[in-house]
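Okay, so the sequence shown: first residue is 41 according to this note's numbering, each after it adds one.
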Amino acid sequence: MEKLAIFGGTPIRTSKIGYGRQWIDDEDIKAVSDVLNGDYLTCGPKVTECEQAIAKYVGAKYCTMCANGTAALHIAMLAAGVGAGDEVITTPLTFAASANCALYVGAKVVFADIDKDTYEVDPDDIERKITNKTKAIVSVDFTGQTANLDKIIEICKKHNIILIEDGAQSFGSSYEGKKVGSIADITTFSFHPVKSITCGEGGAVTTNNDEFGKRIALFARHGITHDEKLMKEAPHEGPWYYEQIELGYNYRLTDFQAALLLSQLKKIDRFKNRRDEIVKIYDEELSKIPEIKLQKYTEGSDTFRHLYIIQLDLNKLKCTRRQAYDALSAEGIQCQIHYVPVYWFPYYEKLGYKKGLCPNAENVYDSIMSIPIFPLMNDKDVNDVIMSLKKVINYYKK
Ligand SMILES: *Cc1c(COP(=O)(O)O)cnc(C)c1O
Numbered sequence: 041m042e043k044l045a046i047f048g049g050t051p052i053r054t055s056k057i058g059y060g061r062q063w064i065d066d067e068d069i070k071a072v073s074d075v076l077n078g079d080y081l082t083c084g085p086k087v088t089e090c091e092q093a094i095a096k097y098v099g100a101k102y103c104t105m106c107a108n109g110t111a112a113l114h115i116a117m118l119a120a121g122v123g124a125g126d127e128v129i130t131t132p133l134t135f136a137a138s139a140n141c142a143l144y145v146g147a148k149v150v151f152a153d154i155d156k157d158t159y160e161v162d163p164d165d166i167e168r169k170i171t172n173k174t175k176a177i178v179s180v181d182f183t184g185q186t187a188n189l190d191k192i193i194e195i196c197k198k199h200n201i202i203l204i205e206d207g208a209q210s211f212g213s214s215y216e217g218k219k220v221g222s223i224a225d226i227t228t229f230s231f232h233p234v235k236s237i238t239c240g241e242g243g244a245v246t247t248n249n250d251e252f253g254k255r256i257a258l259f260a261r262h263g264i265t266h267d268e269k270l271m272k273e274a275p276h277e278g279p280w281y282y283e284q285i286e287l288g289y290n291y292r293l294t295d296f297q298a299a300l301l302l303s304q305l306k307k308i309d310r311f312k313n314r315r316d317e318i319v320k321i322y323d324e325e326l327s328k329i330p331e332i333k334l335q336k337y338t339e340g341s342d343t344f345r346h347l348y349i350i351q352l353d354l355n356k357l358k359c360t361r362r363q364a365y366d367a368l369s370a371e372g373i374q375c376q377i378h379y380v381p382v383y384w385f386p387y388y389e390k391l392g393y394k395k396g397l398c399p400n401a402e403n404v405y406d407s408i409m410s411i412p413i414f415p416l417m418n419d420k421d422v423n424d425v426i427m428s429l430k431k432v433i434n435y436y437k438k
């Protein structure tokens with residue numbers, strides 16, 4: 041048996057490969073430098089152009105760009121009118137922001153468990169957790185694929201609940217032929233460097249609902265409006281006059297970030313195709329390994345795959361997840377674990393959440409790893425990941 045690098049053997053790779061990274065090229069850099077040489081660093085035309093391009097791309101009537109995906113979730117909550125006394129249902133297997141946004145506005149977070157095969161929030165458990173205080177559901181597109189949105193939309197309609205889709209990981213994905221961003225009442229996106237396309241830090245909120253569309257724009261810009269139709273006193277003092285009609289925030293995106301995002305958007309099909317190719321190779325090769333279980337696809341989802349997760353069958357292995365993770369790291373494959381269930385964090389524990397709340401999410405968390413996937417990976421990189429996995433699993437299998 042081949043000696044693992046962690047025990048002094050030769051590693052598969054000497055340079056480490058991480059689970060995700062951006063792809064910035066000269067065209068992107070020129071787009072940014074053009075803006076830096078121009079008149080507007082912020083509050084200029086690029087942000088508007090970007091909003092229109094994203095609205096068009098996802099098929100939504102309204103798009104507001106904002107500072108990041110967390111700000112996007114915060115203003116989605118505000119626009120939806122979520123506040124003190126309300127409950128918001130979300131999944132624990134997500135980045136903390138999906139739940140924190142409810143706390144920002146004084147609401148209570150209720151965690152619904154995941155489906156143990158797709159890892160997406162389980163509509164049946166959502167329904168069990170609904171009370172007369174439930175105001176919104178934050179459905180997270182974990183790994184880039186949507187949950188069973190047909191069922192979740194049906195539940196929302198039945199109980200008069202607002203559906204907010206956290207699409208931070210799914211910009212470019214579709215569900216039943218419709219792009220994420222045009223399906224839920226409100227959808228939020230992130231453009232952090234590991235996401236589909238990036239502008240460093242950035243976010244967007246999209247909707248087809250007229251009232252939400254206007255409120256989202258307001259909350260991202262201090263609650264200030266220049267629109268006479270929304271003003272109380274207009275027309276008033278003169279052309280400089282504007283009004284603050286809500287308590288909003290400065291969640292603006294800059295023009296040079298918007299220019300970068302517009303440049304990235306041109307390449308999204310290329311990014312998706314490469315991710316699809318990698319997924320195909322992983323699916324084919326890794327499904328042959330009995331010690332690994334793969335994430336099941338959501339029916340009807342055409343996924344811009346953000347994360348590729350493997351679940352170790354620890355009953356068939358003589359190692360812990362930590363040992364497999366360390367061994368892979370020594371081979372040059374730097375995996376990541378997405379995610380520690382949100383309510384396990386000390387902050388949530390302090391609020392009274394207890395372990396055991398969502399058994400499926402906890403079981404899945406115990407044995408998963410996100411392996412590298414990003415469009416800049418070449419065939420050798422992909423092969424190195426597969427070779428390393430086979431090497432480590434061969435070593436540890438019972
Ligand atoms: C990345 C991410 C966020 C937060 O986005 P930021 O731009 O980093 O603020 C929120 N939810 C999910 C599911 C994410 O993956």
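Cβ atoms here follow ideal geometry from the backbone N, Cα and C, with glycine treated the same way.
For residue i, the residue or residues it bridges with in DSSP
i, result
"Ile195", "Ile195 is not bridged to any residue."
"Phe414", "Paired residues: none, contrary to the question."
"Lys328", "DSSP, once it has assigned bridges, lists no residue as partnering Lys328."
"Asp439", "Nothing can be reported for residue 439: it is not among the residues displayed for the chain, which extend from 41 to 438."
"Thr246", "Cys103, Thr227"
"Phe151", "Thr130"
"Ala176", "Val128, Ile202"
"Leu334", "Ile350"
"Asp316", "DSSP, once it has assigned bridges, lists no residue as partnering Asp316."
"Asp342", "Ser214"
"Met409", "Ile350"
"Lys219", "Ser214"
Heavy atom of ligand 3 within 7 Å of residue i beta-carbon
i, result
"Phe296", "Ligands in the displayed structure: ligand 1; ligand 3 is not one of them."
Sub-8 Å separation of residue i and residue j beta-carbons
i, j, result
"Ala116", "Val128", "no"
"Val245", "Thr228", "yes"
"Leu347", "Gly184", "yes"
"Tyr291", "Cys106", "yes"
"Lys86", "Leu270", "no"
"Val150", "Lys169", "yes"
"Phe19", "Ala120", "In the structure displayed, the chain extends from 41 to 438; residue 19 sits before or after that span and is not available."
"Ser213", "Asp342", "yes"
"Asp424", "Ile57", "yes"
"Glu216", "Gly340", "yes"
"Val145", "Val178", "no"
"Thr247", "Asp267", "no"
"Lys306", "Ile285", "no"
"Ile154", "Cys398", "yes"
Reduced DSSP secondary structure (H/G/I, E/B, other) of residue i
i, result
"Phe229", "strand"
"Arg61", "coil"
"Tyr348", "strand"
"Asn290", "strand"
"Asp162", "coil"
"Gln304", "helix"
"Met105", "strand"
"Leu41", "In the sequence as displayed, the identity of residue 41 is Met instead of Leu. It is coil, neither helix nor strand."
"Ser261", "For clarity, residue 261 is Arg in the given sequence; the question names Ser instead. The answer is strand: DSSP assigns Arg261 an E or B state."
"Lys70", "helix"
"Asp79", "coil"
"Ile321", "helix"
"Pro281", "One point to set straight first is that residue 281 is Tyr, not Pro, in the sequence displayed. The answer is coil: DSSP assigns Tyr281 none of H, G, I, E or B."
"Ser214", "strand"
"Ile373", "strand"
"Lys437", "strand"
"His114", "helix"
"Lys188", "Sequence inspection shows Asn at residue 188; the Lys mentioned does not correspond to that position. Residue state, collapsed to three classes: coil."
"Cys141", "helix"
"Val380", "coil"
"Ala367", "helix"
Contact set for residue i: own chain, Cβ-Cβ below 6 Å, skip 5 residues either direction
i, result
"Leu416", "Trp63"
"Asn108", "Glu241, Gly243"
"Ala95", "Cys103"
"Lys219", "Val98, Gly99"
"Gln209", "Asp181, Gly184, His346"
"Gly426", "Position check: residue 426 holds Ile in this sequence, whereas Gly was assumed. If we look at Ile426 and ignore the five residues flanking it on each side, its Cβ neighbours are Glu325."
Contacts around residue i, its chain only, beta-carbon distance under 8 Å, and the 5 residues preceding and following it disregarded
i, result
"Asn77", "none"
"Gly278", "none"
"Phe296", "Val72, Val75, Leu76, Leu81, Lys86"
Residues near residue i in its chain [Cβ-Cβ closer than 7 Å; skip 5 each side]
i, result
"Ala139", "Thr130, Val149, Val382"
"Thr294", "Leu81, Thr82"
Worksheet item: Between the stretch 315-322 and the stretch 356-376, do at least 3 Cβ pairs fall closer than 8 Å?
Response: no
Discussion item. Closer than 8 Å is the cut-off here; do at least three beta carbon pairs connect the stretch 67-77 with the stretch 185-203?
Written reply: no
Item to complete: Spell out a yes or no on whether the stretch 357-367 and the stretch 186-196 are touching, meaning 3 or more CB-CB pairs, one atom from each, closer than 8 Å.
Response: no
Practice prompt. Taking 8 Å as the threshold, find out whether the stretch 422-437 comes into contact with the stretch 398-408 through three or more Cβ pairs.
Written response: no
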